[in-house]
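First the structure, in the form of structure tokens, and then the observations on it.
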């Protein structure tokens, strides 16, 4: 399989005889300059493609965020569709391919717009007193499904508008709650819920719509988990049933409701675990959806289920395939479903036969996303350890891979990346464990290099073949480090048993894997200086830094703990999604046989001796900042070299470009202090 795309810039570099040594290593400032792609949506006929491009400084050198149309039938020519200060997003195609729909804040709040591709200006379709969170369009173009923030118990939008006005007029600032959850991710909940509405499209903008779930004190899972039924008379959506137990279970179900409102039929009532992402085959015969089988587990295998609309028979297509589905799309033949799934360090594309469940790999190099299928063409995004996201196409048989965009070519042609490779070794109990190694930029086999040992979060996650903005392995390679990332027991993409093995064993098998991986890479790559090594991680990776400090205190010269769990009982009492610790750690914090005491880093704080940098965001409600403060307090009271960096305006992640630069520089400065020869 060969890539047919060859950039002009690559030809110029070759023609001018530019050597890799003349290139500049990747710097954190480069990340903010990269152009970023999103909303990659293929037209129903497969000959046109719309994508959004957010410019960071690479040509065109502006900060616009607009939509572009690529004609795949005419040499992939591109024309700019929008040029507005408002960001267009959530792009949808009209069923006949004549127009696109999108959300934009052009009149004071996010509303739905339609742009005819034959020419003219975008037309506003909704003018609601509430911002539109998301939307779907019926195939006949007559109905809109809308996600709006609504006050439970209110019968209509006007009631919600009045409730918001009353809240704004209050003189006190009290927030009152009668049940969990009270906050989520980075915001305190305010009593409003994301509800599903439906509206009729007409010649004038929509000014009102019908709430299909007015009394529900719960949210829909998201507009991407909403679909019109083939007859356009019902909607299906994923949500939790209202109840006081919302924060400690994962039982999302798929419901069906008439576009006229009324009773909501639970289509997955028999499954006590997570059901999500319903959609219909082109011929309307099947509804597909994703289903887990283990209650409370958020990282159980997502199986692909087909519900026959005629016989009402359900078939789990992927029961015998040990991979968890990320996304999927029906092929035009109604007999094939194309999926993305995490797969031994990659996110790959597979084709599944709906009659027999046969699985065939289509593509598997790097991290695939934005899956689109039309005719014999698959269009998708892809990024790798040495390349930011670009758009590709491939035939459904896996042939004729072609890169369609090169939005960062002018910048990347002058940047040197470290070479990378995947490795494996014998981990806990002799099981095969995989990882990635990125060599220092301008690698010299006659030198010895310090080591950056990156530990991923999740813990059911992976540092695979991906271009990461917050944990970009190439940035450590640019600083002269060998970068090693081990997918220890509990990581995703290696089968469900491997993923499940971390539950009830947070400090066991993963620690053994990381110790064995550290030993292996020093033997396999003698140019790595294991005596000049620092380990670093976030979330569970930060937990592991605290665990290293108490259980493996002599291995590293320094540690970097971002948003790491320090004291497990207090973590349980302050996090928001209780289903996660209750499943992974065996119940509540007061259950006698739970793991909060067994795998509690704070219990081994007296063993700490390794210098540690602690970083935390004050708006982190997943792992609240007191966890970082507790680790830093212990370090300071024991007289261990340590530093605390707090970001008041960040959550579990560091997302603002200026803060991201500061984050990386703090980390690099800290590591240099302890890894110098």
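Residue numbers (mature numbering (1 follows the signal peptide of the UniProt record, and there is no 0)): -20 to -1, 1 to 657. Glycine included, every Cβ here is placed at the ideal spot set by N, Cα and C.
Work out the CA separation of residue 179 and residue 134 for me, nearest whole Å. Distance between the alpha carbons of residue 134 and residue 179: 17 Å.
Tell me the DSSP bridge mates of residue 114? Bridge partners of residue 114: 127.
Can we count residue 569 as close to the ligand MN, meaning its CB is less than 8 Å from some heavy atom? Absence of the ligand MN from the depicted structure is noted, as is the absence of any ligand whatsoever, leaving it without description.
Could you please give me the residues that DSSP links to residue 267 through a beta bridge? Beta-bridge pairing by DSSP links residue 267 to 260, 287.
Run of the beta strand (DSSP E) containing residue 341, from where it starts to where it stops: Element bounds for residue 341: 339 to 343.
Within this structure, are the beta carbons of residue 349 and residue 203 separated by less than 9 Å? Going by C-beta atoms, residue 349 is not nearer than 9 Å to residue 203.
Would you mind reading off the limits of the alpha helix (DSSP H) that contains residue 613? According to the DSSP assignment, residue 613 belongs to the alpha helix (DSSP H) that extends over 606 to 617.
CB-CB length for residue 395 against residue 3, believed under 8 Å: The pair is a contact, with the Cβ atoms about 6 Å apart (cut-off 8 Å).
Roughly how many angstroms lie between the CA atoms of residue 626 and residue 597, to the nearest whole one? CA-to-CA, the gap between residue 626 and residue 597 works out to about 6 Å.
Look up residue 561 in the DSSP assignment and say whether it is helix, strand or coil. Here residue 561 sits in helix by DSSP.
Taking 9 Å as the CB-CB cut-off, is residue 575 touching chain B? No chain B appears in this structure, which consists of one protein chain only.
Residue 127 versus residue 112 - alpha carbon distance: In a straight line, the C-alpha of residue 127 is about 6 Å away from that of residue 112.
Between residue 46 and residue 57, which are expected to be in contact by the criterion C-beta below 8 Å, what is the C-beta distance as a whole number of angstroms? With a contact defined as Cβ atoms closer than 8 Å, residue 46 and residue 57 miss out at about 17 Å.
For the pair the stretch 335 to 350 and the stretch 443 to 457, tell me if three or more CB-CB distances fall below 8 Å. Flag = yes, the stretch 335 to 350 and the stretch 443 to 457 touch.
Assess contact between the stretch 448 to 461 and the stretch 544 to 563, defined as three or more Cβ pairs (one per stretch) separated by less than 8 Å. Is contact present? No, the stretch 448 to 461 is not in contact with the stretch 544 to 563.
Closest to residue 465 by CA distance: which of 240, 365, 191, 503 is it? Cα-wise, what sits closest to residue 465 is 365.
Taking only three categories from DSSP, how would you classify residue 641? Of the three classes helix, strand and coil, the one that applies to residue 641 here is helix, per DSSP.
Span separating the alpha-carbon of residue 510 from that of residue 325: Approximately 24 Å, taken between the alpha carbons.
Please return the same chain residues whose Cβ sits closer than 7 Å to the Cβ of residue 481, not counting the five positions on each side in sequence. Apart from the 5 residues on each side of it in sequence, residue 481 sits with its Cβ closer than 7 Å to the Cβ of 469, 470, 489 in its chain, given in chain order.
Proximity of residue 16 and residue 37 at Cβ, strictly below 9 Å: Their beta carbons are not under 9 Å apart, which means residue 16 does not touch residue 37 by this criterion.
Put residue 538 into one of helix, strand or coil per three-state DSSP. Three-state result, residue 538: strand.
Can residue 259 and residue 226 be called in contact, C-beta distance under 9 Å? It is not a contact, given that the beta carbons lie outside the stated cut-off.
Mind checking which residues open and close the alpha helix (DSSP H) that includes residue 401? Counting along the chain, no alpha helix (DSSP H) covers residue 401; the unbroken beta strand (DSSP E) around it starts and ends at 400 to 406.
So residue 262 packs on residue 310, CB below 8 Å; how close in whole Å? So it is a contact: roughly 6 Å between Cβ atoms.
Between which two residues does the alpha helix (DSSP H) carrying residue 243 extend? Looking at the DSSP string, residue 243 is not in any alpha helix (DSSP H), and its letter there is neither H nor E.
Can you tell me which of the three DSSP states residue 551 falls into? In the three-state reduction of the DSSP assignment, residue 551 falls in the helix class, which pools H, G and I.
Using a Cβ-Cβ cutoff of less than 8 Å, which residues in the same chain neighbour residue 48 once the five nearest sequence positions on both sides are dropped? The residues are 30, 31, 32, 33, 58, 59, 60, 61.
Restricting to runs no shorter than 4 residues, where is the alpha helix (DSSP H) found entirely within the stretch 122 to 166? Within the stretch 122 to 166, the complete alpha helix (DSSP H) runs of at least 4 residues are 137 to 149.
Residue 317 vs residue 270 beta-carbon contact at 9 Å: Cβ distance not < 9 Å, so residue 317 and residue 270 don't count as in contact.
With H, G and I counted as helix, E and B as strand and the rest as coil, what does DSSP make of residue 372? In this structure, residue 372 counts as strand in the three-state DSSP scheme.
Determine whether the beta carbon atoms of residue 280 and residue 303 lie at a separation below 9 Å. No; because the gap between Cβ atoms is not below 9 Å, this pair is not in contact.
Just the C-alpha distance for residue 583 and residue 442, rounded to the nearest angstrom, thanks. The alpha-carbon atoms of residue 583 and residue 442 are separated by roughly 27 Å.
Buried/exposed call for residue 720, threshold 16 Cβ in 10 Å: Nothing about residue 720 can be read from this structure; the chain reaches only from -20 to 657.
Beta strand (DSSP E) segment containing residue 217, residue limits: Note, residue 217: beta strand (DSSP E), 214 to 220.
Kindly confirm or deny that the stretch 595 to 615 and the stretch 154 to 172 touch, where touching means at least three C-beta pairs closer than 8 Å. Pairwise C-beta distances place the stretch 595 to 615 in contact with the stretch 154 to 172, as three or more of them are shorter than 8 Å.
Sub-9 Å separation of residue 73 and residue 83 beta-carbons: No.
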